[in-house]
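Chains as they are written, first to last, in the numbering used here: chain A, 31 to 393; chain B, 73 to 452.
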């Protein structure tokens, strides 16, 4: 429907009528539930993608080629996509930068994943993901992007998998003609994701590439950067890497009065470290309460006057589940931990779960 | 549970309080071990089952478009009956228990699932998960005992109305999903107590009304209409499929708690109940059905009623695996693991319904036990 139409047009209301009829025929399911069996990537379906190929990049990184569903709206270079992957039968959500150049809306996209130690999803994607697997997608998001017209002089500072959004920018061609310097840190030459492609670009004169192999050369310092790129304050800068690096850059750029010229992107912004007990926030009720490690969230909420859904109070009826927006909880029956970061949509049984660190419940 | 130990025929007289807590800890350990092992294989099982069920339902309904031809009627009706049974039992019942919530898939989750049944999932979850599974077989607390319309225990006082209970039970079996909906609404009790004006009750009754309308419209209007000249035969086919599903699920569910050998409990016996005692009540209050893999799937694994009642949120495909351990535990503690073939258990349950439609045969013997009827042995 276009926005100029005031009332639903005849075809639109006919379409709606047919959809309602179809829903009445398939109730309690929706027609979508049946269509998902045969066409999970069709227009109108929840946004999903199909893994087309998994290409190794380095010993512990791989590029995953994904065919997005018909409703994929494309991405801007530097943006990331939230990906829902089933690992060991459990849906896990993570964000990955899109490393392919923007193309047609119906063309495959790529993400490039570095397996981090103990990384559930990254290890799965790099080592076990199979072509043909359906994954859940959200539309691309993030404001770590290039402006409409590229600046004349650009500095890119990246480390490890921080190269991924920058690779998307470089591949897009948006920086063609600009004076681009890329300073990239990785443990060794073999660990440089996209190493060959970057060296080719440098050889072709598209950019000046400074590789920092930290196992031999040590961590990049600001003094090093100043020595490597003397005119760095003149350059519009995009940086992506570990928090320590980004914090140092941010402080330095701000001190130089150039804060506005620095754009940063940090992966894994939330690190949940479980403990015993913690402050529990009932977001929509506007209540925050301290709870120890042995008090069920249900009781903590009720004691604080929150109207809590409840049922059997012994962990069998699932009448008390609430979304854990962020935080960690411990199952009082067997001590197992559940952690969540925003977007995970984890539901927890409040009658048998206690706070294991700060918890934010969507209730 | 000390009252129980004064009973003349007390199946747990030989257990100490410590024994009961040890049983509880052993069962916790079984549950924890299986929960920790859940993964890819289980996810594949439920997804494949859902896919199969949807294809079967779609295929059967497509065949029924030509139900005027007898072979199409037979194949379509058989397929639709099986699809409806799978949907209610192994899929719907178990998803609504939260058995698959661990997958964090919003499409297969107890909070979002709706089933092919006239009782709305939300209301069924309350009466089933919260009340029946918590108060299993406690007279006056667990409405599943006789569904409020039947006398299923000697300790329930006899009334001439119970003479008709074999007939009520048969009618309930034929229209079981409506019986469940009325039961989830606590229709009888709410009407008797004049709560029909209560806004909360009215809202729930309206929700049931909406669900019934949607179900009836689909099964008895839209699909027959789509069949054109086969309108009437498709209507008959859908009715038959619903009837088969109702009879089947009623039979399976009757086998869960009604057969001889299953214990019932007095309200007072669960005051201050520990986790171990709750487990023990589930062990004594449930009965299994022995049979093939197919029977287990078609019964929604309620053939493993004992294991289901011990671990209601354990994925149903795992019940079969824990049977040997659970049985060994029963044996070790000298408890009766009630099980039998489907015909035997159905017969046993019906026999009880018929027998208890009459007053107790030996009222004097029963009267002497009335002082402490914390736990009564059915069929005594």
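For every residue, glycine included, the Cβ atom is placed at its ideal position computed from N, Cα and C.
Hey, residue i and residue j are a contact pair by Cβ (cut 8 Å); roughly how many whole angstroms apart?
i: residue 198 of chain A; j: residue 125 of chain A; result: With a Cβ gap of about 13 Å, residue 198 of chain A and residue 125 of chain A do not count as contacting.
i: residue 280 of chain B; j: residue 253 of chain B; result: 5 Å
i: residue 433 of chain B; j: residue 120 of chain A; result: Residue 433 of chain B to residue 120 of chain A, Cβ: 56 Å. No contact.
i: residue 329 of chain B; j: residue 216 of chain B; result: 6 Å
i: residue 185 of chain A; j: residue 280 of chain A; result: The pair is not a contact, with the Cβ atoms about 14 Å apart (cut-off 8 Å).
i: residue 385 of chain A; j: residue 307 of chain A; result: 5 Å
i: residue 289 of chain B; j: residue 296 of chain B; result: Contact doesn't hold; Cβ gap of about 11 Å is too wide.
What are the boundary residues of the alpha helix (DSSP H) that residue i is part of?
i: residue 362 of chain B; result: From DSSP, residue 362 of chain B is part of no alpha helix (DSSP H) but of the beta strand (DSSP E) over 360-362.
i: residue 112 of chain B; result: 112-136
i: residue 402 of chain B; result: 391-404
i: residue 312 of chain B; result: 303-329
i: residue 332 of chain A; result: 327-333
i: residue 110 of chain A; result: From DSSP, residue 110 of chain A is part of no alpha helix (DSSP H) but of the beta strand (DSSP E) over 110-117.
Would you say residue i and residue j are within 8 Å of each other, going by their C-beta atoms?
i: residue 187 of chain B; j: residue 309 of chain B; result: no
i: residue 418 of chain B; j: residue 337 of chain B; result: no
i: residue 119 of chain B; j: residue 67 of chain A; result: no
i: residue 182 of chain B; j: residue 164 of chain B; result: no
i: residue 190 of chain A; j: residue 271 of chain A; result: yes
i: residue 168 of chain B; j: residue 185 of chain B; result: yes
i: residue 394 of chain B; j: residue 94 of chain B; result: no
i: residue 208 of chain A; j: residue 244 of chain A; result: no
i: residue 238 of chain A; j: residue 263 of chain A; result: no
i: residue 401 of chain B; j: residue 90 of chain B; result: no
i: residue 92 of chain A; j: residue 143 of chain A; result: yes
i: residue 81 of chain A; j: residue 187 of chain A; result: no
i: residue 331 of chain A; j: residue 380 of chain A; result: yes
i: residue 420 of chain B; j: residue 331 of chain B; result: yes
i: residue 62 of chain A; j: residue 73 of chain A; result: no
i: residue 389 of chain B; j: residue 114 of chain B; result: yes
i: residue 408 of chain B; j: residue 83 of chain B; result: yes
i: residue 220 of chain B; j: residue 260 of chain B; result: yes
i: residue 208 of chain B; j: residue 333 of chain B; result: no
i: residue 377 of chain A; j: residue 173 of chain B; result: yes
i: residue 152 of chain A; j: residue 145 of chain A; result: yes
i: residue 127 of chain A; j: residue 195 of chain A; result: yes
i: residue 104 of chain A; j: residue 86 of chain A; result: no
i: residue 351 of chain B; j: residue 96 of chain B; result: yes
i: residue 294 of chain B; j: residue 95 of chain A; result: no
Out of the options, which has the shortest C-alpha to C-alpha gap to residue i?
i: residue 161 of chain B; options: B:318, B:413 and B:228; result: B:318
i: residue 313 of chain A; options: A:128, A:117, A:73 and A:372; result: A:372
i: residue 141 of chain B; options: B:255, B:172, B:99 and B:303; result: B:303
i: residue 90 of chain A; options: A:304, A:228, A:221 and A:342; result: A:221
i: residue 53 of chain A; options: B:287, B:222 and B:108; result: B:287
i: residue 135 of chain B; options: B:409, B:429 and B:148; result: B:148
i: residue 256 of chain B; options: B:283, B:410, B:197 and B:285; result: B:197
i: residue 136 of chain A; options: A:232, A:145 and A:79; result: A:79
i: residue 59 of chain A; options: B:92, B:189 and B:138; result: B:189
i: residue 380 of chain B; options: B:226, B:205 and B:326; result: B:205
i: residue 168 of chain A; options: A:114, A:309, A:284 and A:333; result: A:114
i: residue 343 of chain A; options: A:309, A:337, A:336 and A:383; result: A:383
i: residue 310 of chain A; options: A:320, A:303 and A:302; result: A:320
i: residue 339 of chain B; options: B:228, B:411 and B:249; result: B:228
i: residue 77 of chain A; options: A:363, A:50, A:112 and A:374; result: A:112
i: residue 367 of chain B; options: B:343, B:320 and B:398; result: B:320
Could you tell me the boundaries of the beta strand (DSSP E) in which residue i lies?
i: residue 238 of chain A; result: 238-243
i: residue 295 of chain A; result: 292-295
i: residue 144 of chain A; result: 139-144
i: residue 154 of chain B; result: Segment 142-158 is the alpha helix (DSSP H) holding residue 154 of chain B; no beta strand (DSSP E) there.
Output, in chain order, the set of chain E residues within a Cβ distance shorter than 7 Å of residue i.
i: residue 187 of chain B; result: The displayed structure is made up of protein chains A and B, and chain E is not among them.
Between the segment 102-128 of chain A and chain B, which residues of the former have CB atoms less than 7 Å from a CB of the latter, in chain order?
-> Within the segment 102-128 of chain A, the residues whose Cβ lies closer than 7 Å to any Cβ of chain B are, in chain order, 116, 118, 119, 120 and 121.
Scan the segment 331-352 of chain A for residues whose Cβ lies nearer than 8 Å to a Cβ of chain B and list them as they occur along the chain.
-> 341, 342, 344, 345, 346, 347, 348, 349 and 351
Please list the residues of the segment 289-315 of chain B that have a C-beta atom closer than 8 Å to any C-beta atom in chain A, keeping them in chain order.
-> 289, 290, 294, 295 and 298
Relative to chain A, which residues along the segment 346-374 of chain B have a C-beta separation below 8 Å, given in chain order?
-> For the segment 346-374 of chain B, residues whose beta-carbon sits nearer than 8 Å to a beta-carbon of chain A comprise 347 and 350.
Taking Cβ-Cβ distances below 8 Å as the criterion, which residues of the segment 351-370 of chain A are in contact with chain B?
-> 351, 363, 364 and 366
Quick one, which residues of the segment 181-193 of chain A are near chain B if we go by CB-CB under 8 Å, in chain order?
-> none
For the segment 50-62 of chain A, enumerate the residues whose C-beta is nearer than 7 Å to any C-beta of chain B, in chain order.
-> Against chain B - using a Cβ distance shorter than 7 Å - the residues of the segment 50-62 of chain A are 54, 55, 57 and 58.
For the segment 122-136 of chain B, enumerate the residues whose C-beta is nearer than 8 Å to any C-beta of chain A, in chain order.
-> Within the segment 122-136 of chain B, the residues whose Cβ lies closer than 8 Å to any Cβ of chain A are, in chain order, 123, 126, 127 and 130.
Selection of the segment 250-270 of chain A by Cβ proximity to chain B, strictly under 8 Å | none
Residues in the segment 315-328 of chain A with C-beta within 8 Å of chain B's C-beta atoms, listed in sequence order?
-> none
Chain B contacts from the segment 125-157 of chain A (Cβ-Cβ distance under 7 Å) | Listed by position, the residues of the segment 125-157 of chain A near chain B (Cβ gap below 7 Å) amount to none.
Interface positions of the segment 374-393 of chain A facing chain B (Cβ-Cβ less than 9 Å), listed along the chain | 374, 375, 376, 377 and 379
Select from the segment 102-117 of chain B all residues with a C-beta closer than 7 Å to any C-beta belonging to chain A, and list them in chain order.
-> 104, 110, 111, 112, 114 and 115
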